[in-house]
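First to last, the protein sequences are chains Z and W. Per the working numbering, the very first residue in the first sequence carries number 9; after that it's consecutive. Per the working numbering, the very first residue in the second sequence carries number 45; after that it's consecutive.
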Amino acid sequence: MSGEKEHMTEGARSKRQRFVIWHRFKKNKQAVVGLVVLCIFILIAVFADRIAPYWYDDQNPSRALMHPSGEFIFGTDNLGRDVLSRLIYGSRYSLMIGFFAVGISVVFGTILGVIAGYYQKLDNIIMRTMDLFMAIPQILLAICIVTALGSGLFNLMLAVGLSSTPQFARVVRASVLSTKEQEFVEAARAIGANDARIIISHILPNSLAPLIVQATLAMARAIISASALSFLGFGIQPPEPEWGALLAAGRRFIRTHSYLTVVPGLAIMAVVYSLNVVGDGLRDALDPRLKR
Amino acid sequence: MGGKLLEIKDLHIHYVLEEETVYAVNGLNFSLEKGESIGIVGETGAGKTTTALAIMGLIPDPPGRIIRGSIMFEGQDVTKMSEAQLRNLRGNKISMVFQDPMTALNPVLSVGDQIEEVILLHNDVSRVEAREKAIEMLEMVGIPCERHLDYPHQFSGGMRQRVVIAMALACNPNLLIADEPTTALDVTIQAQVLELMQRLRKEHGTAMIMITHDLGIVAKICDKVAIVYAGEIVELGSKKDIFTDMKHPYTVGLFNSIPDIESDSKELHVIEGAMPDPSHLPEGCKFYPRCPDRTDVCKTGRVPTYELTPGHIVSCVKFDTGGSKCLNC
């Protein structure tokens with residue numbers, strides 16, 4: 009990597025950095041597969057209306073509960089709607105909830121966690137409050153939030169995001185606590201850096217690895233929580249197709265028409281699994297300390 | 045030279061813990077002229093690093109507390125400065141080289157970024173100019189300029205210490221504190237790093253405090269030597285005073301402990317006993333329990349400090365000859 013002798017400009021430098029990260033990421037085959045699967049799902053979500061063979065709410069009692077065939081690859085549900093189309097449209101909801109809910113918890117969790125970890129005096133106040141929220145089962149907390157705010161996509165994301173914030177605060181705090189004891193933090197203080205600078209350029213980048221892993225896992229959990237909330241009627245309202253809602257709706261026919269639950273279940277699993285391996289790969293690639 | 049750069053007077057630093065109080069530094073006095081270098085020698089736990097941190101205003105509070113004394117740097121008392129004033133001082137006027145270059149650099153920033161950071165913090169320059177200066181600093185410490193984009197893990201220990209030195213000298217400080225800068229390095233690299241520090245220091249007229257427990261290093265690069273024991277300076281003098289005319293029994297013991305390559309003796313000479321626990325210091329002379337020349341007078345009361353010859357100061361009752369001036373009687 010130190011082969012190039014020419015003086016590099018800023019642009020070339022960030023380009024090279026990105027190349028190095030990609031190069032390291034590429035070595036992890038599982039992660040690459042995960043990324044591909046994830047990209048496919050994202051593309052499906054974006055182009056749902058072009059790919060889906062039917063409108064997601066095309067009801068037709070005459071073709072209700074048809075087993076998978078050439079016409080309906082994943083069969084139809086009890087109202088005669090094409091499962092494949094519902095699945096394709098549903099990916100929009102599930103992925104969006106996954107990304108945004110986790111985004112919310114990452115932002116709030118990181119802010120709270122960093123403050124708690126760095127400023128000893130605020131630690132107790134923040135973390136005990138977080139403990140208070142952690143004592144409430146996550147799904148109950150989410151239900152409370154949704155009930156208070158009303159149902160709907162945005163409120164669902166907010167509920168799922170806020171209810172998993174304490175976990176992020178906890179992970180970030182633990183990570184900050186160990187990073188801030190490192191000598192380079194003291195060295196940064198010794199060159200005259202202020203708190204904000206120490207946090208942003210020295211502590212945070214060194215505390216990110218667990219956060220990334222936590223985020224990917226949480227994204228998976230968020231998709232599942234959102235599904236659970238939809239199932240309970242607090243989340244996405246029918247007839248909107250959401251994977252969890254599909255799963256719940258198919259539950260009644262699990263003995264005779266198992267594809268109704270298996271297919272959305274597999275979709276959730278594929279996304280969740282991909283997110284996990286991508287997270288793992290990213291963690292390894294982003295960490296310059298891990299030499300290979 | 046001329047004009048005191050740093051003057052530490054009667055410095056007391058305690059770490060106040062719930063169960064006990066650790067008396068880390070107990071009445072330290074020394075001063076440093078511009079461009080001068082002093083070696084602070086002592087065992088682990090003698091309060092060397094605490095002193096260094098105090099000069100930078102970096103004593104962690106709680107539990108650390110400066111109980112008494114002053115640290116005058118360029119006429120201003122560091123212990124009374126605000127956080128903003130201290131930030132302006134650190135890295136700019138006073139900078140520090142840490143013991144372990146493996147951990148003193150941020151692993152996720154390239155070395156160029158890290159040197160650039162110091163420059164940007166203390167100088168009103170653009171990023172491009174700061175980067176140029178950073179590269180210049182790297183070359184000055186003998187690292188090829190194209191390596192400024194590399195990360196700390198891509199360097200060897202000796203090169204990392206060079207990076208740390210480049211960082212420390214980037215703003216042309218008046219005082220460089222080196223806290224055992226070569227302990228983590230092997231002997232050949234140690235010599236290179238010391239030579240580099242010495243050369244750069246001479247070029248820039250930087251004063252230096254070298255904290256070490258290696259008398260060889262002191263002999264090589266220091267003008268003055270302070271021997272520290274249990275948070276006090278027991279003997280202070282020019283390099284010549286200490287190396288050829290050591291007075292304090294502890295100093296004598298230290299020098300005797302250096303193995304002589306030509307002697308055939310099977311056993312190494314040691315100073316009996318161990319340094320007292322800094323949370324339970326003995327009354328009277330702190331070296332009393334281990335001192336070969338102890339008398340009952342040493343057990344209690346204050347240890348007198350004598351200036352034997354100008355600049356050569358010893359804290360021991362042994363030198364109460366009447367002729368020499370007592371500094372604290």
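No residue lacks a Cβ here, since even glycine has one placed at the ideal position from N, Cα and C.
DSSP places residue 325/W in no alpha helix (DSSP H); its state is neither H nor E. Annotation: the continuous beta strand (DSSP E) that includes residue 356/W extends over 356-359.
Per DSSP, the beta bridge partners of residue 117/W are 50/W and 120/W. DSSP, read as helix, strand or coil, puts residue 148/Z in helix. For residue 295/W, the enclosing alpha helix (DSSP H) stretches over residues 293-300.
DSSP lists 52/W as the bridge partner or partners of residue 74/W. Taking a C-beta distance under 8 Å as the contact criterion, residue 195/Z and residue 102/W do not qualify as a contact pair. DSSP links residue 123/Z through a beta bridge to no other residue. Counting along the chain, no alpha helix (DSSP H) covers residue 241/Z, and no H or E run does either. Below the 7 Å Cβ cutoff, chain W contributes 150 as neighbours of residue 210/Z, in chain order. Taking a C-beta cut-off of 9 Å against chain W, the contacting residues of the region 175-202 of chain Z are 190, 191, 192, 193, 194, 195, 196, 197, 198, 199, 200, 201 and 202, listed in chain order. DSSP, read as helix, strand or coil, puts residue 65/W in strand. About 12 Å separates the Cβ atoms of residue 90/Z and residue 73/Z, ruling out a contact at the 8 Å cut-off. Here residue 252/Z really is in contact with residue 235/Z; their C-beta atoms are around 2 Å apart, less than 8 Å.
When rounded, the separation of the alpha-carbon atoms in residue 275/Z and residue 105/Z is 15 Å. Close CB contacts of residue 110/W within its chain, under the 8 Å cut and outside five residues either way in sequence, are with 55, 56, 57, 98, 103 and 123 (chain order). Among the residues of chain Z, those whose CB is under 8 Å from the CB of residue 139/W are 198 and 199, following chain order. Of all residues in the region 156-185 of chain W, those with a C-beta nearer than 8 Å to a C-beta of chain Z are 161, 162, 165 and 166, reading in chain order. Here residue 264/W carries a helix assignment [DSSP, helix/strand/coil].
Secondary structure at residue 59/W: strand, using DSSP grouped into helix, strand and coil. For the region 78-100 of chain W, residues whose beta-carbon sits nearer than 7 Å to a beta-carbon of chain Z comprise 100. For the C-beta of residue 109/W, not a single chain Z residue is nearer than 8 Å; the gap to the nearest is close to 16 Å. Residues of the region 197-213 of chain W with a Cβ closer than 9 Å to any Cβ of chain Z, in chain order: 197, 198, 208, 211 and 212. Using a CB distance cut-off of 8 Å, residue 132/Z does not count as an interface residue toward chain W. DSSP places residue 152/W in the coil class of the three-state scheme, outside both helix and strand.
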